[in-house]
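Okay, so the sequence shown: first residue is 565 according to this note's numbering, each after it adds one.
Backbone N, C-alpha and C fix where the C-beta goes; we use that ideal spot for every residue, glycine too.
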Amino acid sequence: MKKIVKTFVFVLCVSLILGVVGCGKTEQADDTWIVGTSPDYPPFEFVDEDGEFAGFDMDLIREVGKRLGVEVKIEALEFDSLIASLKQGKIDAIIACMTADEERLKEVDFTKPYYTNQTGVLVNPDAEVDIATLDDVLKYELGVQTGTTMASWAKNQVDEGIIEESQVNYYSDADAGVDDVKIGRLDVFLLDAPVAHEKAKNLGLRLYLKQHSIKRKVNSRELS
565 MKKIVKTFVF
575 VLCVSLILGV
585 VGCGKTEQAD
595 DTWIVGTSPD
605 YPPFEFVDED
615 GEFAGFDMDL
625 IREVGKRLGV
635 EVKIEALEFD
645 SLIASLKQGK
655 IDAIIACMTA
665 DEERLKEVDF
675 TKPYYTNQTG
685 VLVNPDAEVD
695 IATLDDVLKY
705 ELGVQTGTTM
715 ASWAKNQVDE
725 GIIEESQVNY
735 YSDADAGVDD
745 VKIGRLDVFL
755 LDAPVAHEKA
765 KNLGLRLYLK
775 QHSIKRKVNS
785 RELS
């Protein structure tokens with residue numbers, strides 16, 4: 565197992581050198597990287613009780629920096645401003661659970677994928693909401709985080725006339741959207757599955773998992 569991890573990180577390091585890091589040019593010294601993230605996405609990136617950046621992505625980028633002999637400085641930004649900040653040279657790299665979709669690939673280079681994911685749909689357990697297929701999400705008032713692939717998907721549904729624009733609520737901070745589900749202001753919120761799992765467990769929300777179509781439901785009490 566250790567050998568697999570070492571090989572994986574080395575491939576990621578090479579990709580970073582040839583890819584994302586080359587997209588931005590800050591005024592920092594050559595042995596320092598300014599890495600942008602959106603720390604509202606546990607377990608990938610979040611701020612812990614001590615006010616420190618924590619999570620899988622944070623550990624990963626620090627290990628990459630260690631092996632390349634550079635100091636990593638992490639900067640918190642809103643998710644939808646990350647690519648613009650990289651292109652403007654304000655940061656040197658991004659690590660923020662970001663999918664390499666067609667539109668983003670026109671703007672920046674990506675490393676090789678290191679995580680394959682589902683999409684989670686968060687619902688208040690007291691709400692009369694049931695999600696059996698992806699189309700069921702479109703029956704309700706839904707929330708997405710700006711700049712995400714879920715936001716692009718929702719906008720496409722509006723553009724195609726499948727749902728009304730008023731049905732979609734955009735949030736710069738994922739936590740704000742999840743809180744609205746918790747208090748009953750919003751019917752559903754779309755997130756990457758591990759993040760949705762974490763928030764469902766902590767807040768007692770209902771979670772549906774989707775892979776192309778939503779195939780199974782997990783109640784919050786089952787998330788341990």
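{"Query": "With C-beta atoms as the reference, is residue 686 less than 9 angstroms away from residue 760?", "Result": "yes"}
{"Query": "Grab me the residues of residue 716's own chain with a C-beta within less than 8 angstroms of its C-beta, minus the 5 sequence neighbours each way, in chain order.", "Result": "665, 667"}
{"Query": "Among 742, 753, 700, which residue has its Cα nearest to the Cα of residue 727?", "Result": "700"}
{"Query": "Can you have a look at residue 730 and say buried or exposed, based on whether 16 or more other CB atoms are within 10 angstroms of its CB?", "Result": "exposed"}
{"Query": "Have a look at residue 626 and residue 636 and give me their C-alpha separation to the nearest angstrom.", "Result": "6 angstroms"}
{"Query": "When DSSP builds the beta bridges, which residues end up paired with residue 770?", "Result": "687"}
{"Query": "Using a threshold of 9 angstroms, state whether the C-beta atoms of residue 606 and residue 763 are closer than that.", "Result": "yes"}
{"Query": "Given 8 angstroms as the limit, is there contact between the region 744-751 and the region 700-715, that is, 3 or more CB pairs closer than that?", "Result": "yes"}
{"Query": "So, under 8 angstroms CB-CB, residue 681 and residue 757 are touching, yes? Tell me the CB distance rounded to an integer number of Å.", "Result": "6 angstroms"}
{"Query": "So what's residue 709 in DSSP terms, helix, strand or just coil?", "Result": "strand"}
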